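Chains as they are written, first to last, in the numbering used here: chain A, 1 to 119; chain B, 120 to 524; chain C, 525 to 1529.
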């Protein structure tokens, strides 16, 4: 159960939110100027980053506002939340939770289990 | 006293060092990677090949799924692929000489609304013409097949019937992987664990090798079987896949004397459950909404799953959740896989199986091996090429196919 | 107390085994219960296990696969052997299997049976109440041992909202195993210069006076999730049974500091707490491990800490002649206590070559024989029910290999102290890093997870002094971090130091072949031994995860609490290594302890599984015998059978009423979204395939919306209420999705457009009145309205006041092809207006109709239902709706129609299908094939050209009709195709999808 800091309502449980996938994918200004391949890219292809990922959320059971967030797709930690339309911030600096005590080793720890995904 | 599971073979596989080059390299030692290697070696005579596994063999989704096997899919392309898979499943225990507890105990897909009934009828009728065994059962017949289902009106969404595929069933996932691995090893395939691919080498539009934490390996054919991490790997080759990775959770109870003779799936109430050979109840939960590589999800998803389970199976009330876990599923927009050549010569993609990967293991391996060996798809996987996203010829198992698992 | 007759095959020692001294039982309350049909008596405070041991029975169910005799191993949550099924005790209760006897408190009349690893599910209906609770706290503390209590006291006094949870029934943690009195030679366990029990009591009493501290016993924290989200199971079974059962009726929850309104708790069996904490202190303690030697699984081989717990807390001597196998100093605490209780200890056998300071002190005091540098290598089980009767002791060499056959010692109990495994599960569930510490032979947290602290034994710090200090400091810091400061007070205890442990992973002799070590058990519940581990490794397995799966070690109910580290130790030893960290631990996963499905389901069953939405008119439908259909969470009237009518008869009657006179339907469930703003028309033009900017105020228009992929997604009529205001209707099931859709496109793509959306589905009731006499009905209920065709045109709407003074918006909309109106009023008036329509229509025999007839009548007109006729793969063109697809403007989805596949002329088209025989009604979902296609699926797939999406007996045509999607269907009108039905083929003619009134003459009445 993620805790998501809605910019309008404050921190709320994940179950109040709707996930919107990758952020910063604009609807093409003129879809008809695109090739089929380019249109397919818009329709079906999204980044799928392992690590920090700019994504969209909507507080659908609250204020119904959409916003952008940067979240680590491995640790699930949010490092930035910012309005729609704003450019992706530099998360290296924006990370509010880079506190002294680490969340967990970012690298698989030798003793932390052997459940690393297959490759 | 309970019965022990069948004993495993005394020997399974070697742990060789990687060679400098191979005819083909399969990245990912999960079920699909192992099955691909098996069919490459057996059907296409390619034994100078390696499977590179980052962690421990079959430790990804192969170790985390709920082991359901069925072929009662709606669309012709899906039914053909999964029915091929089921036919292969039926011959594999003997072929691999390994009792991996393949049990054709049937799968029930329940209908709880009029719309469910329509979709079920449509699927059953299509299955019949596609040569897939499937029948429509009324609630009383559902009860006959699985007496512990509550078909009463006290359910919020009473059971209005269901489809039943008698040949469907379950198998013991780990054992399946080890069965393939043993045969691959016997045929000379190198299974290399703790070998992480860190780069895919290209010259122009051709693959020439892979970089790993255990040295570079030259090869002209690289096959990706890394469900969950497909996008990350594809990125190394400079290509993009229409895939999103999501957490998918599952859970297991303690062991019980047998009560549940089949596999039950309900899309509307959202539960899928079987009782494995040792006696534990095995259940899958829903896909978590967000992209995630963490192999874990939210607890609310588990709670929803158990509410659904107890609603449909009152007898489960006092079973206990013993363990929950999570995998990473590759999801495509049409909920159908990609088994395809790519824009890079010698690079092949097998991904996007979503929640259908386990049941598709033999057919994925069979068709992918054909594609790799011939540099052309097998007719069964031709519809699963990447270009369908461009033409719009999707195989949309979201819409009408009810349960995606 | 009374003793039962001896159960056949069970151990039973003669004579009373209750000692004079016990800290955790109430001797004034006798409780009778039975196990395996044998009656026993215990005291309030006893668990099944403690009372049974007191009765002389230590053996439990035989092992799962090998049928070996086994006994109670532990005194707590880590139990792997003694599992029982407890029968239902109060009305609505059912039996529950796989409960550790070490955790179930006895209640009057309790009946239990020992199990052999397999549970039995009770087919009875569990009608007890399970609650889900949600709470936000500043500081969550897990574990009410000394570290947790100190943390709670410090956090709580700052004013921080503090929650202290513990899985046991009383506070104290490891101190619950202490004698609670001065014992010669034992460690000084006083705190702040008072005996530990007094300190604990005073501390917990102090919580009762603090505003913001809650201590909840019997509450097991079993899951740790992102952002400090925790889940815990509070078990109130004993209270419930004692309150509602036929027993004494008194509650013995003396340690329960709960301040809830007890009335609201009555009846709740278990609660699942959902906790969001700013800061967390994990004070979860440690579990002791067995030692892996030959025949280490006999009844009477028990964890040393458990022997001590039974002795001190329950006043039960688990044996009368107890040997102790030690690998560390903790065993000497037991020795001192046994001596004080007058129990014979023939020897303490310590793996370490030299006596530690503590060992020397206790051995001196008690005069016990100490055998150093040795261990137990095997046992005999010639006691009752296979109980241990003798241990074999041998010396260990430098490599911890046993040399030769040592001496035999007769015993009736062996206490094993194999070392402690810190309870790092909750830390591990969050992927907190762990390290192997060789000095204490334990995996411990490397660093805490963010916003968490680990204190006490979880860190491998086993001294009381350190637990109190670390606990207090963490409690203080946690409060501080969550914004509450207070001066730190550290409870004082005597300093203690423990000598290093010498763990034993495998007790073997030089000549042993590991594959022969079939009774060196590692996982008792799964009956897995060193031989099984060796076999897995011989097969080529190296990963601990593979070996776990090959052997099934650590997959039982205890999830490896006592076996995981021993398994890792065995693997490490077999590999010839010494660092267990190099092998690694398997992954920690929730739950920490098993949780009943029923508790996790909570109240979500039956009606509350997914609360149904009903309209204001619902009571009328119920009163008039409607059958209901579930649509998108709503209960909608499906049809209204009259006495003696079946569904078909009712549907034909309702349909004829609409076609011939007038019917009315509750259409309130349709989604309604109000859309406001100067750019509302522009926005709608992007969303819908057709334009809405030029729609006149006072008029409505049907619209179709598609996904960017071009597939039909929802439809409905949108009214233009004012220049800057529209009212959109959506399908019943699609309302929420469409609202999100509008918000998404507006906020994320076109935020510059001035438009806002408000769901008004619940604000309006809608009564559809359809049929040639509908105008007469509307005229009666809306006397101020000119309802003539000339002055109230099709797709127009009017604001008016009904006869009863109720404001209404009346639209001329038809989904049946007949003259029809929709009366929209404030939800509050819905039922009144429905009844007014019924009354006004009575002279025309107005007939209520349900969704089925609505579907039939629209099918006669060839109108699609999104979700029934479409399935996410249908374009507007496929559905024959090019007429609604704008050629001039762009809209969501338009670009997709020029792709190769979507542009094909021969895609599947919506057509009508008429069974040629005029009588066969095709099933919805029936498949269609070209005539003459051989139906031989056994020879390969039979090509299908489409399927039937809608099929009804038409009341207007008096014959079955159907809608279907057929390949190239529009260009095949008149062709006879076939549908395989139950082994035969039905000839079907492809027709236009419009079966009824194709000219549209009836629309205007």
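Ideal Cβ positions, reconstructed from N, Cα and C, are used throughout, including at glycine.
Small disclaimer: the values here were computed from a predicted structure and weren't measured.
* Could you work out which residues of chain C lie near residue 167 (chain B), taking near to mean beta carbons separated by less than 7 Å? => Locating residue 167 (chain B) in the second chain gives position 48, counting from the first residue. Neighbourhood of residue 167 (chain B) in chain C, by CB distance below 7 Å: empty, with the nearest CB roughly 21 Å away.
* Asked: Near residue 1298 (chain C), what residues of its chain come up, given a Cβ to Cβ distance below 6 Å and the 5 sequence neighbours on each side ignored?
  -> Start at 1 with the first residue of the third chain, and residue 1298 (chain C) comes out as number 774. So the list reads 1186, 1343, 1344 and 1345, once near-sequence residues are dropped.
* Asked: What distance in whole Å lies between the Cβ atoms of residue 369 (chain B) and residue 343 (chain B), which are believed to be in contact at a cut-off of 8 Å?
  -> Counting from one through the second chain, the residue named residue 343 (chain B) turns up at place 224. Counting from one through the second chain, the residue named residue 369 (chain B) turns up at place 250. Not a contact, Cβ separation roughly 24 Å.
* To do: Could you have a look at residue 1192 (chain C) and say whether DSSP puts it in helix, strand or coil?
  => Against the third chain, residue 1192 (chain C) aligns to sequence position 668. For residue 1192 (chain C), the three-state secondary structure derived from DSSP is coil.
* Short Cβ contact (8 Å threshold) for residue 609 (chain C) with residue 637 (chain C) -> On the third chain, residue 609 (chain C) is found 85 positions in, with the first residue counted as 1. On the third chain, residue 637 (chain C) is found 113 positions in, with the first residue counted as 1. Less than 8 Å divides the Cβ of residue 609 (chain C) from the Cβ of residue 637 (chain C).
* Closer than 7 Å, Cβ to Cβ, to anything on chain A: give me those residues from the stretch 1260-1278 of chain C, in chain order. => Contacts with chain A (Cβ-Cβ distance below 7 Å) from the stretch 1260-1278 of chain C involve 1264, 1267, 1268, 1271, 1272, 1273 and 1275, listed in chain order.
* Asked: What are the boundary residues of the beta strand (DSSP E) that residue 1504 (chain C) is part of?
  -> Position 980 of the third chain, counting from 1, holds the residue named residue 1504 (chain C). Where residue 1504 (chain C) is concerned, the enclosing beta strand (DSSP E) stretches over 1500-1505.
* Classification of residue 96 (chain A) by the beta-carbon crowding that lies within 10 angstroms, buried from 16 upward -> Walking along the first chain from the start, residue 96 (chain A) turns up at place 96. Below a pLDDT of 50, predicted positions are generally treated as unreliable, and residue 96 (chain A), at 42, falls in that range; the measurement from the model is reported next regardless. Flag for residue 96 (chain A) reads exposed.
* Asked: Between the C-alpha atoms of residue 965 (chain C) and residue 159 (chain B), what's the straight-line distance to the nearest angstrom?
  -> Mapped onto the third chain, residue 965 (chain C) falls at position 441. Mapped onto the second chain, residue 159 (chain B) falls at position 40. Spanning the two alpha carbons is a distance of roughly 47 Å.
* To do: Starting from the C-beta of residue 356 (chain B), find all residues in its chain whose C-beta is less than 6 Å away, skip the five residues before and the five after it, and write them out in chain order.
  => For the purposes of this step, residue 356 (chain B) is identified with residue 237 of the second chain, where counting begins at 1. 319, 463 and 466.
* Asked: What does residue 396 (chain B) reach in chain C if we use C-beta pairs closer than 9 Å?
  -> The residue labelled residue 396 (chain B) in the question sits at position 277 within the second chain. Under the 9 Å cutoff, chain C gives no residues; its nearest Cβ is about 12 Å from residue 396 (chain B).
* For residue 1224 (chain C), does the three-state DSSP call read helix, strand or coil? -> The residue you call residue 1224 (chain C) lines up with position 700 of the third chain. In the structure shown, residue 1224 (chain C) sits in a strand (DSSP, three-state: E or B).
* Asked: Can you tell which of C:1521, C:1476 and C:1513 has its C-alpha closest to the C-alpha of residue 1502 (chain C)?
  -> Here residue 1502 (chain C) refers to the residue found at position 978 of the third chain. Answer by Cα proximity: C:1513.
* Anyone know if the C-beta pair for residue 1129 (chain C) and residue 430 (chain B) falls short of 8 Å? -> Within the third chain, numbered from 1, the residue matching residue 1129 (chain C) stands at position 605. Within the second chain, numbered from 1, the residue matching residue 430 (chain B) stands at position 311. Yes, the Cβ-Cβ distance between residue 1129 (chain C) and residue 430 (chain B) is below 8 Å.
* Asked: How big is the Cα-Cα spacing for residue 311 (chain B) and residue 890 (chain C)?
  -> Within the second chain, residue 311 (chain B) is the residue found at index 192, counting from 1. Within the third chain, residue 890 (chain C) is the residue found at index 366, counting from 1. Between the C-alpha atoms of residue 311 (chain B) and residue 890 (chain C) there is a straight-line separation of about 58 Å.
* Residue of C:1147, C:607 and C:1528 minimising C-alpha distance to residue 1316 (chain C) -> Your numbering for residue 1316 (chain C) matches position 792 in the third chain. The shortest Cα separation from residue 1316 (chain C) among C:1147, C:607 and C:1528 belongs to C:1528.
* Which of the three DSSP states, helix, strand or coil, is assigned to residue 478 (chain C)? -> Past the boundaries of the shown model lies residue 478 (chain C); chain C is included only from 525 to 1529, so the question cannot be answered.
* Asked: By how many angstroms is the C-alpha of residue 1162 (chain C) removed from the C-alpha of residue 1255 (chain C)?
  -> Translated into the one-based positions of the third chain, residue 1255 (chain C) becomes position 731. Translated into the one-based positions of the third chain, residue 1162 (chain C) becomes position 638. Near 16 Å, if we compare the C-alpha coordinates of residue 1162 (chain C) and residue 1255 (chain C).
* To do: Taking residue 662 (chain C) as the reference, give the member of C:991, C:596, C:875 and C:1002 with the closest Cα.
  => The count along the third chain starts at 1 and reaches residue 662 (chain C) at position 138. Of C:991, C:596, C:875 and C:1002, the residue nearest in Cα terms is C:1002.
* Could you name the residues of the same chain whose beta carbon sits closer than 8 Å to that of residue 1393 (chain C), not counting the 5 residues immediately before and after it, in chain order? => Along the third chain, one-based indexing puts residue 1393 (chain C) at 869. Closer than 8 Å at the Cβ level, and outside the excluded window around residue 1393 (chain C), lie 1403, 1434, 1473, 1474, 1487 and 1489.
* To do: Kindly list the residues whose CB is nearer than 7 Å to the CB of residue 52 (chain A), restricted to its own chain and excluding five residues on each side of it in sequence; keep chain order.
  => Sequence index remark: in the first chain, residue 52 (chain A) carries index 52 (1-based). Closer than 7 Å at Cβ, skipping near neighbours: 70, 72, 79 and 91.
* Asked: Measuring CB to CB, does residue 998 (chain C) end up less than 8 Å from residue 991 (chain C)?
  -> As a working note, residue 998 (chain C) is residue 474 in the third chain. As a working note, residue 991 (chain C) is residue 467 in the third chain. No, these two residues do not count as a Cβ contact at 8 Å.
* Cα-Cα separation between residue 149 (chain B) and residue 284 (chain B), rounded to whole angstroms -> Reading the second chain from its first residue, position 30 is the one you call residue 149 (chain B). Reading the second chain from its first residue, position 165 is the one you call residue 284 (chain B). Their Cα atoms are separated by approximately 27 Å.
* Apart from the five residues on each side of it in sequence, which residues of its chain come closer than 8 Å, Cβ to Cβ, to residue 364 (chain B)? -> Numbered from 1 along the second chain, position 245 holds the residue referred to as residue 364 (chain B). Take residue 364 (chain B), set aside five residues on each side of it, and the residues of its chain with a beta-carbon closer than 8 Å to its own are 347, 348, 349, 350, 410, 411, 412, 447, 448, 449 and 450, in chain order.
* **Under 8 Å (Cβ pairs) to chain A, residues found in the stretch 1197-1231 of chain C** => Listed by position, the residues of the stretch 1197-1231 of chain C near chain A (Cβ gap below 8 Å) amount to none.
* Which word fits residue 1276 (chain C), buried or exposed, when buried means at least 16 other C-beta atoms lie within 10 angstroms of its C-beta? -> Translated into positions along the third chain, residue 1276 (chain C) becomes position 752. With fewer than 16 other Cβ atoms inside 10 Å of its own Cβ, residue 1276 (chain C) counts as exposed.
* Taking 8 Å as the CB-CB limit, is residue 34 (chain A) close to chain B? -> Indexing the first chain from 1 puts residue 34 (chain A) at position 34. Output row for residue 34 (chain A): interface = no.
* To do: Only counting runs of 3 or more residues, tell me where the beta strand (DSSP E) segments fall wholly within the stretch 994-1049 of chain C, in order along the chain.
  => With a minimum length of 3 residues, the unbroken runs of beta strand (DSSP E) contained wholly in the stretch 994-1049 of chain C fall at 1045-1047.
* To do: State yes or no: is the C-beta of residue 1091 (chain C) within less than 8 Å of the C-beta of residue 1046 (chain C)?
  => As a first step, residue 1091 (chain C) must be located in the third chain, where it is residue number 567. As a first step, residue 1046 (chain C) must be located in the third chain, where it is residue number 522. Cβ atoms of residue 1091 (chain C) and residue 1046 (chain C): closer than 8 Å.
* Asked: Rounded to a whole number of angstroms, what is the C-alpha to C-alpha distance between residue 885 (chain C) and residue 989 (chain C)?
  -> Counting from 1 along the third chain, the entry for residue 885 (chain C) is found at position 361. Counting from 1 along the third chain, the entry for residue 989 (chain C) is found at position 465. Using only the alpha carbons, I get a separation of about 20 Å.
* What do you get for residue 1523 (chain C), buried or exposed, if any count of 16 or more other CB atoms within 10 angstroms of its CB means buried? -> Here residue 1523 (chain C) corresponds to residue number 999 of the third chain, with the count starting at 1. Per the 10 Å Cβ criterion, exposed.
* To do: Taking a Cβ distance cut-off of 9 Å, strictly less, list which residues of the stretch 36-59 of chain A are near chain B, in chain order.
  => Those residues of the stretch 36-59 of chain A that come within reach of chain B (Cβ to Cβ, closer than 9 Å) are 36, 37, 39, 40, 41, 43, 44, 45, 46, 47, 48, 49, 50, 51, 53, 55 and 57.
* Could you say which of C:865, C:1263 and C:1048 lies nearest to residue 1083 (chain C) if we only look at CA atoms? => What you label residue 1083 (chain C) is simply residue 559 of the third chain in a count that begins at 1. Comparing Cα positions, the closest option is C:1048.
* Neighbour-count burial assignment, residue 87 (chain A), 16 or more Cβ in a 10 Å radius -> Along the first chain, read from residue 1 onward, the residue named residue 87 (chain A) stands at position 87. Exposed, by the Cβ-count rule.
* To do: Could you please give me the residues that DSSP links to residue 550 (chain C) through a beta bridge?
  => Your numbering for residue 550 (chain C) matches position 26 in the third chain. DSSP output for residue 550 (chain C) lists C:568 as bridge partner(s).
* residue 1487 (chain C) (DSSP reduced to helix, strand or coil) -> Taking the first residue of the third chain as 1, we reach residue 1487 (chain C) at position 963. Note: residue 1487 (chain C) maps to strand in three-state DSSP.
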